[in-house]
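**Student:** Handing you this structure, nothing more for now.
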Ligand SMILES: N[C@@H](CCC(=O)N[C@@H](CS)C(=O)NCC(=O)O)C(=O)O
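In the working numbering, the protein residues as written are 345 to 563.
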């Protein structure tokens, strides 16, 4: 049975895993999450009651959390691109950067988007302001961090870049990266040029009208 990925092409955390799958040309079957397909939605809810996607199914095994899925793929289905270095200390650096993109770029970005979906009476202006301030601080830190490196953890494309690509992509749509942060903007462009992410972005293009804040007319 092929690997099955319960996912949606427009989701940032799904794109994170798709990048890893595409980097290593790992075969898998997409179980597309769509509200007009209750059978897939029910399978997904039964697999992971927390209902956060993506979810990977490998035979009897269910793997959740994008970073863990990518680590699992590296262990069970290794390919030419090792997304975690074999050296445990180098791997710590990669995992640190991966946490940075999830916690300090993706999380505040999602907070702003989810807030926009609420009724006016349930909005959380303080939470949104905090999220925007956190993104500004994270962009500033990342700009210095990326000043002299090609990829987030150094010379090699890694798990951290899988997370960075969609999180910076949507964060810039949600809370534009100041032009002064030239290194962050250049890094975002390098990520967009990476074939694995370019493919994920292309596959998600038809869903842009779904972006709650209104997708800009650019990548
Ligand atoms: N910590 C999870 C986060 C996954 C996540 O937030 N996925 C979003 C889609 S990008 C989701 O499930 N959203 C549905 C919801 O929040 O109810 C991971 O790393 O996989």
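Beta carbons are placed, not taken as given, at the ideal position from N, Cα and C, and that holds for glycine.
Just checking, does the region 347 to 359 make contact with the region 536 to 547 on the three C-beta pairs under 8 Å criterion?
**Tutor:** Output reads yes: the region 536 to 547 touches the region 347 to 359.
**Student:** Taking a contact to mean a Cβ-Cβ separation below 8 Å, would you say residue 454 touches residue 479 in this structure?
**Tutor:** No, the Cβ-Cβ distance between residue 454 and residue 479 is not below 8 Å.
**Student:** In chain order, what residues of the same chain lie with their CB nearer than 6 Å to the CB of residue 497, ignoring the 5 residues before and after it?
**Tutor:** 437, 438, 441 and 504, listed in sequence order.
**Student:** By the three-class DSSP mapping on this structure, what secondary structure does residue 351 have?
**Tutor:** Three-state result, residue 351: strand.
**Student:** Ligand 1 heavy atoms versus the CB of residue 409: any closer than 7 Å?
**Tutor:** Yes, since a heavy atom of ligand 1 falls inside the 7 Å radius drawn around the Cβ of residue 409.
**Student:** Considering just the uninterrupted stretch of the beta strand (DSSP E) at residue 374, what are its terminal residues?
**Tutor:** It spans 373 to 376 - the beta strand (DSSP E) in which residue 374 sits, taken as one unbroken run.
**Student:** Suppose you measure from the CA of residue 524 to the CA of residue 501; what does that come to, to the nearest Å?
**Tutor:** If you take the alpha carbons of residue 524 and residue 501, they lie about 25 Å apart.
**Student:** Any heavy atom of ligand 1 closer than 7 Å to the CB of residue 452?
**Tutor:** False, no ligand heavy atom lies under 7 Å from that Cβ.
**Student:** Using only CA atoms, which one of 542, 538, 481 and 540 lies nearest to residue 520?
**Tutor:** Of the listed residues, the one whose Cα sits closest to residue 520 is 481.
**Student:** Throw me the rounded Cβ distance for the residue 460 and residue 557 pair, which I believe falls under 8 Å.
**Tutor:** Residue 460 to residue 557, Cβ: 6 Å. Contact.
**Student:** Could you check what DSSP says for residue 405 in three-state terms: helix, strand or coil?
**Tutor:** Residue 405: strand per DSSP, three-state reduction.
**Student:** Looking only at its own chain, which residues have a Cβ that is under 7 Å from the Cβ of residue 450, when we skip the five neighbours before and after it?
**Tutor:** Closer than 7 Å at Cβ, skipping near neighbours: 356 and 511.
**Student:** What does the Cβ neighbour count give for residue 509, buried or exposed, with the cut at 16 atoms within 10 Å?
**Tutor:** Counting Cβ neighbours within 10 Å, residue 509 comes out buried, since at least 16 surround it.
**Student:** I'd like to check one pair, residue 367 with residue 427: are the Cβ atoms closer than 8 Å?
**Tutor:** Yes, the pair counts as a contact, with Cβ atoms nearer than the cut-off.
**Student:** In this structure, does DSSP put residue 558 in helix, strand or coil?
**Tutor:** Coil at residue 558, not helix or strand.
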